[in-house]
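Residue numbers for the sequence shown follow our numbering, so the first one is 135 and each next one is one higher. Just so it is clear, CB atoms sit at the ideal spot from N, CA and C, and this is done for glycine as well. Just so it is clear, the structure is predicted and the values come from calculations on it, not from any experiment. What follows is a single structure, written as structure tokens, with notes after it.
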Amino acid sequence: MTSDSTRLDAIIVGAGFSGLYALHRLREQGLRTIILEKAENVGGTWLFNRYPGARCDIESIEYSYSFSEEIEQEWVWTETMPRQPEIEAYLNFVADRLDLRRDIRFHTEVTAMTFDEAASEWEVRTADGKAFVAPFVVAATGILSVPKEPEIPGMGAFEGVSLFTSRWPKQHVDLTGKRVGVIGTGSTGVQLIPVVAQQAGHLTVFQRSPAYTLPWEVRPFDDGELDELKANYAQIRAAQREHAVGAARLSAFSVMFEMMTKPPLKSASREEQLRAVEEGGIIGALSWGDVFFDIEANQMAAKLYGEAVARIVKNPETAAALTPSHPFGCKRPIIDQGYYETFNRDNVTLVDLRKGPIVEVTPTGIHTEQGDHELDVIIYATGFDAMTGAMTRIAVTGRDELSLGDFWTTEGPYAYLGIAVAGFPNLFIIQAAGSPAPASNFVTALEQHVEWIGDCIGYLRANGYRSIEALPDAQREWIEHATSLVAPTVLDHPSCNSWYNGGNVPGKKRMYMGYTAGIPEYRRRCDEVADAGYTGFKLA
Ligand code: NAP
Numbered sequence: 135m136t137s138d139s140t141r142l143d144a145i146i147v148g149a150g151f152s153g154l155y156a157l158h159r160l161r162e163q164g165l166r167t168i169i170l171e172k173a174e175n176v177g178g179t180w181l182f183n184r185y186p187g188a189r190c191d192i193e194s195i196e197y198s199y200s201f202s203e204e205i206e207q208e209w210v211w212t213e214t215m216p217r218q219p220e221i222e223a224y225l226n227f228v229a230d231r232l233d234l235r236r237d238i239r240f241h242t243e244v245t246a247m248t249f250d251e252a253a254s255e256w257e258v259r260t261a262d263g264k265a266f267v268a269p270f271v272v273a274a275t276g277i278l279s280v281p282k283e284p285e286i287p288g289m290g291a292f293e294g295v296s297l298f299t300s301r302w303p304k305q306h307v308d309l310t311g312k313r314v315g316v317i318g319t320g321s322t323g324v325q326l327i328p329v330v331a332q333q334a335g336h337l338t339v340f341q342r343s344p345a346y347t348l349p350w351e352v353r354p355f356d357d358g359e360l361d362e363l364k365a366n367y368a369q370i371r372a373a374q375r376e377h378a379v380g381a382a383r384l385s386a387f388s389v390m391f392e393m394m395t396k397p398p399l400k401s402a403s404r405e406e407q408l409r410a411v412e413e414g415g416i417i418g419a420l421s422w423g424d425v426f427f428d429i430e431a432n433q434m435a436a437k438l439y440g441e442a443v444a445r446i447v448k449n450p451e452t453a454a455a456l457t458p459s460h461p462f463g464c465k466r467p468i469i470d471q472g473y474y475e476t477f478n479r480d481n482v483t484l485v486d487l488r489k490g491p492i493v494e495v496t497p498t499g500i501h502t503e504q505g506d507h508e509l510d511v512i513i514y515a516t517g518f519d520a521m522t523g524a525m526t527r528i529a530v531t532g533r534d535e536l537s538l539g540d541f542w543t544t545e546g547p548y549a550y551l552g553i554a555v556a557g558f559p560n561l562f563i564i565q566a567a568g569s570p571a572p573a574s575n576f577v578t579a580l581e582q583h584v585e586w587i588g589d590c591i592g593y594l595r596a597n598g599y600r601s602i603e604a605l606p607d608a609q610r611e612w613i614e615h616a617t618s619l620v621a622p623t624v625l626d627h628p629s630c631n632s633w634y635n636g637g638n639v640p641g642k643k644r645m646y647m648g649y650t651a652g653i654p655e656y657r658r659r660c661d662e663v664a665d666a667g668y669t670g671f672k673l674a
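Quick look at the structure:
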């Protein structure tokens, strides 16, 4: 440690949803705490993903902090599901309302963290050569914050405009009349494509895996509707807290959760199947109790889904190309706004890369095995190095020179309770692998994490402990428990490469990274650990 290091009680990395609440919480507990944030403002991933159509598909009144009644009552959401600018504005409002900015160092990228065992503290180094020292580090670095850009030959040689959804320019991008290509049809692509289609002269969608989407109306609040909701906020939050996915109202997760309560597809007659599609459309095609547990039922649902898509998309070849072949549930579906209708437009072409992949980007467009496409703009909506990407890009060195990046790369992304890693004392990672965040309302999940971490640090300080470290056996058992939950399901089917299991990033150790028993059960287990004096951890 250098003599000019800044000494603190706790250091938080990242000023997104998690980091802002962590700063507020730890400051309230009397800890001298700062956030180190590489960006110029608060917002985390919601600051960068400002692509056209970006919005959250969880209702605004649930995709928001519950810890402050004042914030709940003062902030005004305008739509049932918030657009990116409104979420960004909300996080700025929170930062101002709680006077958080005075303890946030913007433009400060953390490059290394090293644990000094003798002193029981972390030294955190930044790209501008500064050092910060504190006993505790809270990594609020985000689960979907590091873009995964594809490695397509020739990308750099494209003479048109290349845009990346995860670092969309702040200034307006005019796509009017342009020949635009979009690569990627995950949640981001599904939100982006209908909006770009309305602006572009021609839109070509390059689709490797068709998405499952959940069409649902998103709308502005009616007059007085938000006030009525706010009057009932206590009940809304109570229901949300007790719901497995942390969102009791409409969300992609709650729609999927509801599906599990339906009768099994395998015993449904053809008439019952058709009625489900007629009455429920795309969502009806998927709403069967056995789809998440029986791969045959899932494949039957995929066929029905294709039939539902064919009722919307007029060109049968395009409809077939839009029918997924991977199991429903193993990738995250998204609430969509007119996605399939977009493919009926005259100015939209779908290229099914299952029939011949992209070979290269050329100076004038994209060359696939099926032919060439001349383009003015290429938009990459190709996903994230999720869950582990942000932390493996920092040189995190724990006890005995152990590197977190090496450990996660060679062994797997292990963490105890999805929060702490053996060998890395006093480092709390918000939403590490084995936490419920991937399959739930992230905000509900992170509030639990922040509160548990705050209580834990409070306990350590009150009882004279200087360090806490996950025990390897407890960590292994937790990961075994978390992965055993998905074993009887199709969620981690071998045919599926997704950010949930790391399969979307070549070379990444494959492991299903979510905790799927639900947030209430997760909270119960975490509380049990804390109440018993932090079982599974070594306190020193
Ligand atoms: P994603 O789901 O991982 O999708 C990436 C897409 O890019 C996939 O279609 C993928 O195809 C494709 N792709 C990647 N590399 C490619 C290549 N070299 N050639 C052709 N296609 C390629 O990423 P995302 O859409 O950004 O979504 C990530 C997560 O962000 C979501 O699952 C969700 O959790 C979150 N999100 C949430 C919201 C919200 O409303 N709350 C909105 C947007 C995103 P393959 O599938 O074949 O790999």
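If you look at M393, you'll find it in the alpha helix (DSSP H) that goes 386-393. Cβ contact annotation for Q504 (same chain, cutoff 8 Å, sequence separation greater than five): V485, K489, G490, in chain order. The three-state reading of DSSP puts R479 in coil, since its state is none of H, G, I, E or B. If you check the C-beta of K465 against the ligand NAP, you find a heavy atom less than 7 Å away. At least 8 Å separates the beta-carbon of A268 from that of I169. Around L154, the same chain offers V176, L225, V228, A229, L234 as residues with beta carbons nearer than 7 Å, after the five sequence neighbours per side are excluded. Distances taken from the Cβ of I317 to the heavy atoms of the ligand NAP include one shorter than 7 Å. Listed in chain order, the alpha helix (DSSP H) elements of length 4 or more contained wholly in the stretch 529-610 are 538-544, 576-596. Secondary structure within the stretch 305-390: the beta strand (DSSP E) runs of 3 or more consecutive residues, fully enclosed, are 313-317, 336-341, 347-349 (chain order).
When distances are taken from the beta-carbon of F518 to the heavy atoms of the ligand NAP, the shortest one is below 7 Å.
In the displayed model, F151 falls within a helix according to three-state DSSP.
In this structure V210 is exposed. Its beta-carbon is surrounded by fewer than 16 other beta-carbon atoms within 10 angstroms. Remark: the shortest separation between the CB of S321 and any heavy atom of the ligand NAP falls under 7 Å. Our two residues, E206 and G294, have alpha carbons roughly 44 Å apart in a direct line.
The straight-line gap separating the alpha-carbon atoms of I429 and H627 is approximately 8 Å. The ligand NAP has a heavy atom closer than 7 Å to the beta-carbon of W633. Between P570 and G636, the C-beta spacing is not below 8 Å.
Taking C-beta atoms as the reference points, A156 and E171 fail to come closer than 8 Å. Boundaries cannot be given for I277, as no beta strand (DSSP E) includes it and DSSP labels it neither H nor E. Straight across, the Cα-Cα distance linking R353 with A386 is about 16 Å. Within the chosen limit of 7 Å, the ligand NAP reaches the beta carbon of I286 through at least one heavy atom. Assignment of M521 by DSSP, reduced to helix, strand and coil, places it in the coil class.
Distance between E359 and R375, taken at the CA atoms: about 22 Å.
Distances between the C-beta of L673 and the heavy atoms of the ligand NAP are all 7 Å or more.
By the Cβ test, the stretch 280-294 is not in contact with the stretch 553-572, since fewer than three Cβ pairs between them sit closer than 8 Å.
For the alpha helix (DSSP H) assignment, the uninterrupted runs of no fewer than 4 residues enclosed by the stretch 439-477 are, from N- to C-terminal side, 450-455, 473-476. Here M434 carries a helix assignment [DSSP, helix/strand/coil].
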